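Numbering (the UniProt record's numbering), first residue to last: 1 to 101.
Written out as structure tokens, the structure is:
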């Protein structure tokens, strides 16, 4: 039922990229919930997928960290960036391959 509710809200003009106090978007929250169907819906409706939250996480970063291969593939297919602003203790920027391994 929540898919229908989200679709209805989007049809009525709800902002698909609206952020909460942590700068989390509906996309990031759906990934955190491991809701593949919702991620598909949001991507199909034009949700942004390269935005950072206050923890410097992108949707792809969150999907890699949760080891959700299906969502990782969906985001990569849409063109999600492989780089993250997360830096290790030496302040070296890493790509998501470093994090995945």
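Glycine residues also receive a C-beta, built at the ideal position from the N, C-alpha and C atoms.
Quick caveat: nothing in here was measured; it's all calculated off a predicted structure.
Inset, instruction - Use the C-beta contact count for residue 64: other C-beta atoms within 10 angstroms, 16 or more gives buried, fewer gives exposed. - result: One-based indexing of the chain shown puts residue 64 at position 64. Under this definition residue 64 is a buried residue.
Legend entry - For residue 36 and residue 24, the rounded distance between their alpha carbons: To locate residue 24, count along the chain shown from 1; it is residue 24. To locate residue 36, count along the chain shown from 1; it is residue 36. Between the alpha carbons of residue 24 and residue 36 lies a gap of roughly 17 angstroms.
Legend entry - Endpoints, alpha helix (DSSP H) assigned at residue 77: Position 77 of the chain shown, counting from 1, holds the residue named residue 77. Here the alpha helix (DSSP H) through residue 77 covers 69-78.
Legend entry - Three-way DSSP call (helix, strand, coil) for residue 52 in this model: To locate residue 52, count along the chain shown from 1; it is residue 52. Collapsing the DSSP output to three states places residue 52 in coil.
Inset, instruction - For the alpha helix (DSSP H) holding residue 36, just list the boundary residues, first then last. - result: Locating residue 36 in the chain shown gives position 36, where the first residue counts as 1. Start and end: 36-44.
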